[in-house]
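My numbering numbers the first residue of the sequence shown as 127 and each following residue consecutively.
Glycine included, every Cβ here is placed at the ideal spot set by N, Cα and C.
Below is one structure; the comments refer to it alone.
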Amino acid sequence: MLKKHLPALITLLSIGSAQAATLGADNCRVILPTEVEVANETVTWSGPCVNGYAEGDGKLLRFVKKEQIGSFEGRMAQGMLADGYEKSPEGWQYEGQYKRGLRQGTGSILYKDGIRYDGEWKAGKREGRGAVTYTLGGRYEGPWTNDEPGGFGDGKITFAGNQRTINAADYTPPTRAEGEAEKFKLHERDSNSIYRFGHDVAYGTSVPFDKGYAQMTPQQQQQFRASYPLLHHDDVPPYPEKGTAEIFGWLAKAQNNVMAQGDFRAIVDIDATGRATAISIYSSPDQQLTDVIKILLGNQKFTPALCSGKPCAMRYPFNVHFGS
């Protein structure tokens with residue numbers, strides 16, 4: 127298939143047809159590496175075409191079965207992304223440079239869970255120097271290798287909460303619990319909700335529904351702390367004062383009304399008094415469930431975080447999968 131095109135393009139695509147897909151109209155083709163291509167994908171390009179390939183500034187839209195799954199607005203070079211702003215099918219947004227259609231050079235990415243990276247890239251991976259800022263607080267800035275912090279080197283780590291900064295070389299990752307974590311269920315008899323279902327209303331969490339953070343075992347606390355990428359070992363995250371049983375009891379009632387299925391992901395800002403001051407929604411299967419969760423979390427009394435032994439503001443993750 128590639129033999130039909132210009133020799134310069136054959137050289138450019140010598141990585142082989144198994145690693146790149148050519149899409150679009152015959153007189154204005156678009157080339158996507160298989161790392162980013164989606165099965166049964168089609169594209170449209172609104173912009174200039176040179177020698178049969180998208181070239182220059184314009185807008186690329188990506189579709190599967192006529193449903194838009196992604197977009198790119200910026201500069202194309204010989205049919206491939208070169209420099210611009212991209213929304214991906216996976217939900218992340220990137221603005222920066224590319225090479226052969228993959229992120230390379232400098233650029234910034236915002237993942238769908240709110241994590242942000244600013245820095246250097248190579249072949250679609252974080253490589254060189256860059257900084258990642260985590261949604262739950264904390265930041266790493268320094269070298270990267272193959273999409274991971276590169277041995278820390280001269281990097282800096284800033285912890286969630288009171289923003290203490292240390293040399294990354296001095297950082298000791300927290301000990302992770304060994305073996306498979308115990309999974310807890312919430313039965314209707316354990317919920318404070320006035321609604322009764324006669325069955326389990328929630329399950330799958332590695333921390334008990336009916337306990338606040340202080341009442342958990344050290345192993346259970348460790349399981350919850352693992353939600354935070356950079357939490358100082360002396361600090362304590364915020365948590366619902368009486369546990370999450372009442373929240374999930376009401377959520378079971380709400381889901382029973384709307385019958386929604388899918389993932390709900392949110393981050394709650396908790397101030398130093400244990401009050402929710404803001405709720406950021408990252409995904410939700412239903413607007414009614416979103417409204418209910420906002421009310422439940424907004425009215426919830428939290429045990430505030432502790433930073434160096436003193437109450438401090440910190441963020442709390444709230445993630446739920448609504449099933450049938």
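Integer-rounded CB distance, given that residue j should sit under 8 Å from residue i
| i | j | result |
| --- | --- | --- |
| P215 | G231 | Not a contact, Cβ separation roughly 22 Å. |
| A371 | L415 | Actually they do not touch by this definition, with Cβ atoms about 18 Å apart. |
| L432 | D361 | 6 Å |
| D209 | G200 | 5 Å |
| P411 | Q387 | 6 Å |
| R441 | I393 | 5 Å |
| I241 | Y260 | 6 Å |
| Q346 | P334 | 7 Å |
| P366 | A398 | Contact doesn't hold; Cβ gap of about 16 Å is too wide. |
| D417 | A404 | Actually they do not touch by this definition, with Cβ atoms about 16 Å apart. |
Minimum C-alpha distance to residue i - residue among the options
| i | options | result |
| --- | --- | --- |
| L262 | K337, D273, L356 | L356 |
| D389 | I419, I396, Y243 | I419 |
| Q413 | M385, C438, A398 | M385 |
| P364 | S409, F448, A340, S234 | A340 |
| Y297 | D273, N272, T271, E267 | E267 |
| R226 | K248, I241, E212, R242 | K248 |
| P275 | N288, S353, G424, Y243 | Y243 |
| I373 | L228, T301, G424, D273 | G424 |
| L187 | A180, M342, N177, T168 | T168 |
| P174 | C154, P159, T160 | C154 |
| D273 | D280, G245, V333, N293 | G245 |
| E161 | K213, G250, Q219, L149 | G250 |
| A203 | D183, Y220, Q219, F189 | D183 |
| L422 | L377, T429, T170 | L377 |
| Y237 | A439, S409, C438 | S409 |
| D239 | G449, F448, F444 | F444 |
| N383 | Y354, F448, F428, I396 | F448 |
| V190 | T170, L207, V176 | T170 |
Beta-carbon proximity list for residue i, same chain, < 6 Å, skipping 5 on both sides
| i | result |
| --- | --- |
| F285 | G264, L356, H358 |
| V446 | F390 |
| I235 | W218, Y220, Y243 |
| R315 | The predicted position of R315 is uncertain, since its pLDDT is 49 and thus under 50; no value can be drawn from it. |
Per-residue burial, residue i [other beta carbons within 10 Å of its own, 16 or more giving buried]
| i | result |
| --- | --- |
| E193 | exposed |
| S434 | exposed |
| A151 | exposed |
| A165 | exposed |
| P300 | exposed |
| G281 | buried |
| V258 | buried |
| A402 | buried |
| I292 | exposed |
Any non-hydrogen atom of the ligand SAH closer than 8 Å to residue i Cβ
| i | result |
| --- | --- |
| A151 | Absent from the structure shown: the ligand SAH. Ligands present: none. |
Own chain partners of residue i with C-beta closer than 7 Å, once the 5 adjacent residues on each side are dropped
| i | result |
| --- | --- |
| Q223 | D209, Q230, G231, T232, G233 |
| G205 | R155, V156, I157, Y179, A180 |
| N288 | C433, S434, C438 |
| A368 | Going by the sequence as given, residue 368 is Lys instead of Ala. Here the set comprises G338. |
9 Å Cβ cutoff, residue i in contact with chain D
| i | result |
| --- | --- |
| T301 | Among the chains in the structure shown there is no chain D, since it carries only a single protein chain. |
Same chain only: Cβ atoms within 8 Å of residue i, ignoring 5 sequence neighbours per side
| i | result |
| --- | --- |
| E253 | E246, W247, W270, T271, N272, D273 |
| S353 | L262, P363, P443 |
| R351 | P300, L357, P363 |
*Any chance you could list the alpha helix (DSSP H) runs of at least 4 consecutive residues sitting entirely within the segment 399-428, in chain order?*
413-424
*Enumerated in chain order, which unbroken segments of the alpha helix (DSSP H) with a length of 4 residues or greater are wholly contained in the segment 340-400?*
344-351, 371-384
*Which whole runs of the beta strand (DSSP E) in the segment 163-251 are 3 residues long or more, in chain order?*
167-172, 182-190, 193-203, 206-213, 219-225, 228-236, 242-248
_Ignoring anything shorter than 4 residues, give me the alpha helix (DSSP H) runs that lie fully in the segment 257-305, in order along the chain._
none
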